[in-house]
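Have a look at the structure below before the remarks.
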Amino acid sequence: MNGDIRDREIRVIGSSGEMLGVMSPRDALRLAEEEDLDLVKISPNAVPPVCKIMDWGKFKFEQAKKEKENRRNQKIVEIKEVQLSMTIDVGDVNVKAKQATRFLEAGNKVKVSIRLRGRQMAHASLAKDVMNRFYEMLKELAVIEKPMNMEGRNIIMILAPAKK
162 MNGDIRDREI RVIGSSGEML GVMSPRDALR LAEEEDLDLV KISPNAVPPV CKIMDWGKFK
222 FEQAKKEKEN RRNQKIVEIK EVQLSMTIDV GDVNVKAKQA TRFLEAGNKV KVSIRLRGRQ
282 MAHASLAKDV MNRFYEMLKE LAVIEKPMNM EGRNIIMILA PAKK
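In this note's numbering, the protein residues as written are 162 to 325.
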């Protein structure tokens, strides 16, 4: 910025966006000072580097304002968890599906997990059947983001809201 620009030649863009051509940094700085503005290097890797005559303080303020607006418009997606068991009954699966439906409609992801206890480890396929039936109940609302897989004694699947 301003006196810190050490290149031999720079391409200068005026304050209203018009191309002023290639000149020395000293001449460009003089033009910027005549307009009571700053000379800012916006593209240092170009040959020759591109500098623009602008109000640096106003530019920084506008950028901060845009960033703040972007942060406000961002939606934080949470991961909610629904825990099933291998021996879960039909009524209980319906309650869990209703709960997962609420999470998905709110735009959150749902982590569905089944913890296998004791000898249930030998019958992991039954737990996977429970997980598949649970997904079948929600397939209009959800897509599988991370498919079912075994992590230690747990079987985990992550569902994301389906695009409308």
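The beta carbon of each residue, even a glycine, is placed where N, CA and C say it ideally should be. Computed from a prediction, not measured in an experiment: that's the story for all the values here.
Cutting at 8 Å between CB atoms, please list the residues of its own chain near residue i, excluding the five before and the five after it.
i      : result
Thr262 : Leu299 and Leu302
Met292 : Leu245, Val273, Ile275, Met309, Ile316 and Met318
Val238 : Gly268, Asn269 and Lys270
In its own chain, which residues sit with a C-beta less than 7 Å from the C-beta of residue i, not counting the 5 before and 5 after it?
i      : result
Glu242 : Lys272 and Ser274
Asn163 : Leu190, Asp199 and Leu200
Pro186 : Ile166, Asp168 and Ile171
Asn255 : none
With a cut-off of 8 Å on the beta carbons, I'd call residue i and residue j a contact; round off their distance for me.
i      : j      : result
Glu306 : Ile319 : 5 Å
Ala321 : Lys270 : 5 Å
Leu198 : Ile166 : Contact doesn't hold; Cβ gap of about 14 Å is too wide.
Ala408 : Leu277 : Residue coverage of the chain in this structure runs from 162 to 325, which leaves residue 408 outside it and unanswerable.
Do residue j and residue i have their beta-carbon atoms positioned less than 9 Å apart in this structure?
i      : j      : result
Ala193 : Ile171 : no
Leu287 : Ala323 : no
Go through its chain and collect everything with a Cβ distance to residue i's Cβ below 6 Å, but skip five positions before and after it.
i      : result
Gln281 : Met247
Ile203 : Val211 and Lys213
Pro205 : none
Asp216 : Leu198
Glu228 : none
Residue i to residue j, Cα distance in whole Å?
i      : j      : result
Lys236 : Lys257 : 25 Å
Lys226 : Glu312 : 44 Å
Gly218 : Val173 : 19 Å
Val251 : Lys259 : 12 Å
Ala283 : Arg294 : 20 Å
Phe220 : Ser176 : 12 Å
Phe222 : Val183 : 29 Å
Asp253 : Glu230 : 43 Å
Arg314 : Val304 : 24 Å
Arg233 : Gln224 : 14 Å
Glu195 : Leu181 : 14 Å
Ala207 : Ile240 : 44 Å
* Specify whether the segment 205–225 and the segment 233–251 touch according to this definition: at least 3 beta carbon pairs, one from each stretch, less than 8 Å apart. => no
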